[in-house]
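Enquirer:
Numbering (the working numbering), first residue to last: 186 to 494.
Put into structure tokens, the structure is as follows:
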């Protein structure tokens with residue numbers, strides 16, 4: 186177990202009470218990294234634990250056993266000053282996951298106080314994703330700079346619905362331009378196949394021709410300097426083309442949401458969509474399905490034949 190190997194501790198005298206929260210957090214992050222969890226998830230864990238550590242430092246809380254239920258509750262209340270309900274819920278879930286891990290690591294010598302803390306409520310709001318008309322406007326705005334590349338990026342991002350880190354990690358050899366198949370390495374090092382339509386393949390083929398001869402392990406999309414396209418570069422590209430098109434800023438995740446909503450609206454079954462999006466279960470996708478059902482309900486209320494008699 187992690188805590189039995191902490192330096193300068195006599196194994197016979199070792200107690201979970203002598204372990205700092207910082208040590209627990211570092212052990213938790215190491216454990217998650219060893220499981221090959223996605224970079225983005227690790228980044229969220231690290232960010233949230235650093236925020237919580239700063240709060241604990243200011244409160245004079247050093248050891249894990251001092252992180253009581255009231256300490257966590259006060260932290261969540263403090264977050265209300267700077268975060269929306271969703272952001273507070275993320276903080277809660279990371280603390281829960283970390284302390285539950287420590288509980289398991291110590292064979293229940295330590296018990297997480299989160300067992301007695303209810304998750305902060307997150308109001309159910311309509312899922313907002315990029316709209317097809319907005320994508321068309323962005324494509325029409327691609328007539329300056331790296332227009333050929335940007336059109337390919339926008340089309341492929343909307344057509345595959347992949348996560349931003351998955352998109353940026355794609356290599357030339359991952360794409361079959363004839364069949365439209367794209368091999369994606371997803372969360373938990375799980376491969377899945379997604380697809381590109383005819384127009385997306387045309388746009389991608391036009392872009393790749395501008396780059397000359399490419400090796401199979403060359404990045405599928407490159408920056409202006411020729412390096413692999415990074416997540417920040419992808420976000421900046423979308424923001425720039427949104428401004429050019431005169432539409433609200435759309436993030437890579439807005440494209441992922443838009444993909445899911447359009448697939449459901451066009452009749453795709455939820456199990457096929459689950460595979461394409463790389464979700465381990467249907468929990469998240471049920472929210473999208475609920476959103477589409479709300480769209481149908483609103484349309485019926487507007488056009489009800491019975492009400493128009």
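For every residue, glycine included, the Cβ atom is placed at its ideal position computed from N, Cα and C.
So within the region 425–487, which uninterrupted beta strand (DSSP E) runs reach at least 3 residues, ignoring any that extend past its ends?
Expert: Runs of the beta strand (DSSP E) inside the region 425–487: none found.
Enquirer: What does the Cβ neighbour count give for residue 388, buried or exposed, with the cut at 16 atoms within 10 Å?
Expert: Its Cβ being crowded by 16 or more others within 10 Å, residue 388 is buried.
Enquirer: Closest to residue 209 by C-alpha separation, out of 226, 449, 223 and 230, would be which residue?
Expert: For residue 209, the nearest C-alpha among the options comes from 230.
Enquirer: Below 8 angstroms on the Cβ atoms is my guess for residue 213 versus residue 287; work out the distance and round it to an integer in Å.
Expert: Yes, they are in contact, since the Cβ atoms of residue 213 and residue 287 sit about 7 angstroms apart, within 8 angstroms.
Enquirer: Mapping DSSP to helix, strand and coil, what is residue 356?
Expert: Residue 356 falls in the strand class under three-state DSSP.
Enquirer: Give me the residue from 386, 281 and 461 with the minimum Cα distance to residue 254.
Expert: Among 386, 281 and 461, the Cα nearest to that of residue 254 belongs to 281.
Enquirer: Following the continuous alpha helix (DSSP H) through residue 379, name the residue where it begins and the one where it ends.
Expert: Run containing residue 379: none in the alpha helix (DSSP H); it sits in the beta strand (DSSP E), 376–380.
Enquirer: Give the secondary structure of residue 407 by DSSP, where H, G and I count as helix, E and B as strand, and everything else as coil.
Expert: Strand.
Enquirer: Please identify the residue among 373, 378, 357 and 258 whose C-alpha is closest to the C-alpha of residue 367.
Expert: When each option's Cα is compared against that of residue 367, the closest is 378.
Enquirer: May I ask you to list the residues that DSSP assigns as paired with residue 284?
Expert: Answer is none; residue 284 lacks a bridge partner.
Enquirer: Starting from residue 370, follow the beta strand (DSSP E) in both directions and report where the run begins and ends.
Expert: First-last of the beta strand (DSSP E) with residue 370: 366–370.
Enquirer: Just to confirm, is the Cβ distance from residue 353 to residue 413 under 8 angstroms?
Expert: Closer than 8 angstroms, so yes.
Enquirer: Shortest alpha-carbon distance to residue 445 belongs to which of 346, 374, 355 and 390?
Expert: Residue 445 has its Cα closest to that of 346, out of 346, 374, 355 and 390.
Enquirer: Would you mind sorting residue 434 into buried or exposed? The rule is 16 or more other CB atoms within 10 Å of its CB.
Expert: Per the 10 Å Cβ criterion, exposed.
Enquirer: What is the DSSP secondary structure of residue 205, counted as helix, strand or coil?
Expert: If DSSP states are grouped into helix, strand and coil, residue 205 belongs with the strands.
Enquirer: Can you tell me which of 269, 304, 390 and 215 puts its alpha carbon nearest to the alpha carbon of residue 257?
Expert: Of the candidates 269, 304, 390 and 215, the one whose C-alpha sits nearest the C-alpha of residue 257 is 304.
Enquirer: Verify whether the separation of the beta carbon atoms of residue 518 and residue 386 is less than 8 angstroms.
Expert: Missing from the structure shown is residue 518; the chain here goes from 186 to 494 and no further.
Enquirer: Classify residue 248 as helix, strand or coil using the three-state DSSP reduction.
Expert: In the structure shown, residue 248 sits in a strand (DSSP, three-state: E or B).
Enquirer: Below 8 angstroms CB to CB, which residues in the same chain sit around residue 316 once its five sequence neighbours on both sides are set aside?
Expert: These residues qualify, in order along the chain: 443.
Enquirer: Just confirm the distance between the C-beta atoms of residue 408 and residue 418, as a whole number of angstroms; I'd bet it's less than 8 angstroms.
Expert: Going by Cβ atoms, the distance from residue 408 to residue 418 rounds to 5 angstroms, so yes, they are a contact pair.
Enquirer: How is residue 361 classed by DSSP in three states: helix, strand or coil?
Expert: DSSP places residue 361 in strand when its eight states are reduced to three.
Enquirer: Please go through the same chain and pick out, in chain order, the residues whose beta-carbon is closer than 8 angstroms to the beta-carbon of residue 186, but skip the five residues on each side of it.
Expert: Note that residue 186 has pLDDT 46, beneath the 50 cutoff, so the model's placement of it is unreliable and the number below is only indicative. Closer than 8 angstroms at the Cβ level, and outside the excluded window around residue 186, lie 290, 291 and 292.
Enquirer: Kindly indicate which residue of 430, 478 and 306 has the alpha-carbon position closest to the one of residue 450.
Expert: Checked all of 430, 478 and 306; the closest Cα to residue 450 is 478.
Enquirer: Taking just the CA atoms, how far does residue 268 sit from residue 401?
Expert: Their Cα atoms are separated by approximately 43 angstroms.
Enquirer: Cβ of residue 410 less than 8 angstroms from any chain C Cβ?
Expert: Of the protein chains in the structure, only one exists, and it is not chain C.
Enquirer: Assign residue 224 to buried or exposed, taking buried as 16 or more other Cβ atoms, counted over all protein chains shown, within 10 Å of its Cβ.
Expert: Exposed, because fewer than 16 other Cβ atoms sit within 10 Å of the Cβ of residue 224.
Enquirer: What are the start and end residues of the alpha helix (DSSP H) that includes residue 256?
Expert: Its alpha helix (DSSP H) spans residues 254–264.
Enquirer: Leaving out five residues on either side along the sequence, give the residues of the same chain with a beta carbon under 8 angstroms from the beta carbon of residue 325.
Expert: These residues qualify, in order along the chain: 430.
Enquirer: Check this for me: beta carbons of residue 381 and residue 439, under 8 angstroms apart or not?
Expert: The answer is no: Cβ separation not under 8 angstroms.
Enquirer: Identify, in the order they occur along the chain, each residue of the same chain with its Cβ nearer than 8 angstroms to the Cβ of residue 464, setting aside the five sequence neighbours on each side.
Expert: Here the set comprises 470.
Enquirer: At the level of alpha carbons, what is the spacing between residue 204 and residue 332?
Expert: Cα-Cα distance, rounded: 55 angstroms.
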